[in-house]
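> Protein chains in written order, with our numbering: chain P, 14 to 277; chain E, 14 to 277. Each residue gets a CB set at the ideal place from its N, CA and C atoms; glycine is no exception.
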DNA sequence: ATTATCAGATTTGTCTGACAATATCTTGAC
DNA sequence: GTCAAGATATTGTCAGACAAATCTGATAAT
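Below, the structure is given as structure tokens:
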């Protein structure tokens, strides 16, 4: 039901023979994304972005040209172009006339972008990724929380407190994870430094990745909840130094969970 | 000259009369960007993005529709769409059929993106921006440098050293600033944590903004150079704690320069 | 009176086909 | 061998059409 679409441009001739199976698979993958509600260009950006981050097209190489993509996925060139523009906006590639779209060196990628981080997180070695994020959190979160302890407004405090209690009363793990994320992001917002807020994607990514690991021990959840409440209390009482330490304890706990997952 | 832009919700007919002059001005501005080498969609993304960050279209409001942009700037709808897709990729807006493109809340913006940061930096209050970035650097750079001191490879060390010496021998301020940026970014790379690298844009932004302030005192440059060399030495000798302190001294010096500029 | 359903209108989404601009590569002249 | 001019491939830009989604308001049913 999908193969009949291929009718359009059998192209010149060469590409038509060999990659038939591949093309089928590509289409299937794209359809798979599309039915998940996204538009064509979004699904394309997702697919191509994932391939780049995954390493299918290493930095410095040029991607297939627009017409090729358009044939491969049986979509219009406009859709391909819009997808590529999105990836350009994330610094994954640059494109110039006649030369095509070249993958940028990794250290230019906008790794702290939600999508890019998502593609990056789905890389083969998740544990390594998690450890990198955790190291980053060790740098950011204690200081951000200390700032929050001194600068938070009452509204911000209320958000933090609410997220914390909702973590405790959540009845599903998904619900709890959502509140957990909200808790940490609220702290970043309360830090009073706008530049810290975008780093919330890192926390989101960590917790989403961790999602598969936890659930096991009830005691773990209980202890983690205590650690969160400690942090909430430090911010409420405006104790920056204590807040720093409380956050470090929580991160250490998270590290431990990751470590246990790694040794399984 | 900003209040007349507010023609938006004038709705169906009112908007047609008044903004004739504006349209001219808009076109002129766009041409101005275009002759600076960029493509149409890039120039458009720049213009619209800047307007959003500047606050012309506050979060939650709906932008003019695609046809309106296309008329205003006398470009094709495709170009507008590609520009908007770029801004979507930076989380500045979301667009849905029939409802239009809505500006996202500020805390969803990808503030650590190079372009967004650039637009943000050109806001009315540069000093405030600089102070925010500096606070962020205080959090990140000492730790990143400490990590670099323990983990740097020989190649990475060479890069750092080279950038440092080139800072010293630079004959133009622009050259020096470039080497300065390269120095700090090399340290981030050497930290061994990939997530730190994208934060280089912050340093780049700071130094670019500072560009207008310095030059004055030769002694300042000399002292700053010493501070950089201290950092280089700490990394070379693998002294993380000393590196942390050296970076804090440099940041304090930068703060002082900013403070002096502020009081003028 | 409130809710449910449907028709119409508006805006983005997608496709198509054409031509322009640009950079690379090739060919030819010197 | 070097340099210049042209061929060529690829993105950039444009115009116009239709599809899909969703908001609005009107009408009908409970």
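(1) Look up residue 262 of chain P in the DSSP assignment and give the residues it is bridged to.
(2) I need the boundaries of the alpha helix (DSSP H) containing residue 106 of chain P, first residue and last residue.
(3) With 8 Å as the C-beta to C-beta threshold (strictly closer), list the residues of the segment 104-123 of chain E near chain P in chain order.
(4) Give the interface partners of residue 59 of chain P over in chain E, defined as CB-CB distance under 7 Å, in chain order.
(5) Could you tell me if residue 235 of chain E is buried or exposed, where buried requires 16 or more neighbouring beta carbons within 10 angstroms of its beta carbon?
(6) With a cut-off of 8 Å, do at least 3 Cβ pairs link the segment 233-252 of chain E to the segment 180-197 of chain E?
(7) Provide the residue span of the alpha helix (DSSP H) that contains residue 181 of chain E, from first to last.
(8) Could you compute how far the alpha carbon of residue 174 of chain P sits from the alpha carbon of residue 245 of chain P?
(9) Below 8 Å on the Cβ atoms is my guess for residue 204 of chain E versus residue 255 of chain E; work out the distance and round it to an integer in Å.
(10) Counting only Cβ pairs nearer than 9 Å, list the residues of chain E close to residue 88 of chain P.
(11) Taking 8 Å as the threshold (C-beta atoms), are residue 196 of chain P and residue 241 of chain P in contact?
(12) Leaving aside the five residues before and after residue 261 of chain P along the sequence, list all residues of the same chain whose C-beta is less than 8 Å from its C-beta, in chain order.
(13) Buried or exposed: where does residue 272 of chain E fall if 16 or more other Cβ atoms within 10 Å of its Cβ makes it buried?
(14) Can a CB atom of chain E be found closer than 8 Å to the CB of residue 98 of chain P?
(15) Give the residues of chain E in contact with residue 145 of chain P, contact being defined as C-beta atoms less than 7 Å apart.
(16) What did DSSP end up calling residue 115 of chain P once you bin it into helix, strand or coil?
(17) Where do the N-terminal and C-terminal ends of the alpha helix (DSSP H) with residue 79 of chain P fall, by residue?
(18) So with CB distances below 9 Å, who are the chain E contacts of residue 125 of chain P?
(19) Taking the alpha-carbon positions, what's the residue 160 of chain E to residue 142 of chain P distance?
(20) Mind checking if residue 83 of chain E is an interface residue toward chain P, Cβ cutoff 8 Å exclusive?
(21) Over the uninterrupted alpha helix (DSSP H) stretch that includes residue 207 of chain P, give me the two end residues.
(22) Taking residue 54 of chain P as the query, report the chain E residues whose CB atoms sit under 8 Å from its CB, ordered along the chain.
(23) Give a yes or no on whether 8 Å exceeds the smallest Cβ distance from residue 79 of chain E to chain P.
(24) Which of the residues in the segment 148-165 of chain E, read from start to end, lie with their CB under 7 Å from any CB of chain P?
(25) Mind pulling the chain E residues with CB within less than 7 Å of residue 256 of chain P?
(26) For residue 74 of chain P, report the span of its alpha helix (DSSP H) as first-last.
(27) Using a Cβ-Cβ cut-off of 8 Å, state whether residue 139 of chain P counts as contacting chain E.
(28) Helix, strand or coil for residue 235 of chain E? Go by DSSP, reduced to three states.
(29) Residue 57 of chain P lies in the alpha helix (DSSP H); which residues open and close that run?
(30) Can you list the residues of chain P that residue 95 of chain E reaches, using a CB-CB cut of under 7 Å?
(31) How big is the Cα-Cα spacing for residue 153 of chain E and residue 105 of chain P?
(32) Is the beta carbon of residue 136 of chain P less than 8 Å from the beta carbon of residue 218 of chain P?
(33) Of all Cβ atoms in chain P, is any one closer than 8 Å to the Cβ of residue 202 of chain E?
(34) Going straight from the alpha carbon of residue 257 of chain P to that of residue 167 of chain P, what length do you get?
Taking the structure as given:
(1) None, per the DSSP bridge assignment.
(2) First-last for residue 106 of chain P: 106-109, but that is the beta strand (DSSP E), not the alpha helix (DSSP H).
(3) 104, 119, 120, 122 and 123
(4) Annotation: residue 59 of chain P has no Cβ neighbours in chain E at a cutoff of 7 Å; minimum Cβ distance is about 11 Å.
(5) exposed
(6) yes
(7) 167-182
(8) 6 Å
(9) Incorrect: roughly 16 Å between the Cβ atoms, too far for contact.
(10) What residue 88 of chain P touches in chain E: nothing, since even the nearest Cβ is about 14 Å away.
(11) yes
(12) 151 and 155
(13) exposed
(14) yes
(15) 206, 207 and 208
(16) The answer is strand: DSSP assigns residue 115 of chain P an E or B state.
(17) 79-86
(18) 123, 125, 126, 208, 211 and 212
(19) 17 Å
(20) no
(21) Element bounds for residue 207 of chain P: n/a, residue is neither H nor E.
(22) 98
(23) no
(24) Those residues of the segment 148-165 of chain E that come within reach of chain P (Cβ to Cβ, closer than 7 Å) are 148, 149, 152, 153 and 156.
(25) Per Cβ cutoff of 7 Å: no residues; residue 256 of chain P is ~14 Å from chain E at best.
(26) Where residue 74 of chain P is concerned, there is no enclosing alpha helix (DSSP H), given that its DSSP letter is neither H nor E.
(27) no
(28) helix
(29) 53-67
(30) 94, 95 and 98
(31) 24 Å
(32) no
(33) yes
(34) 20 Å
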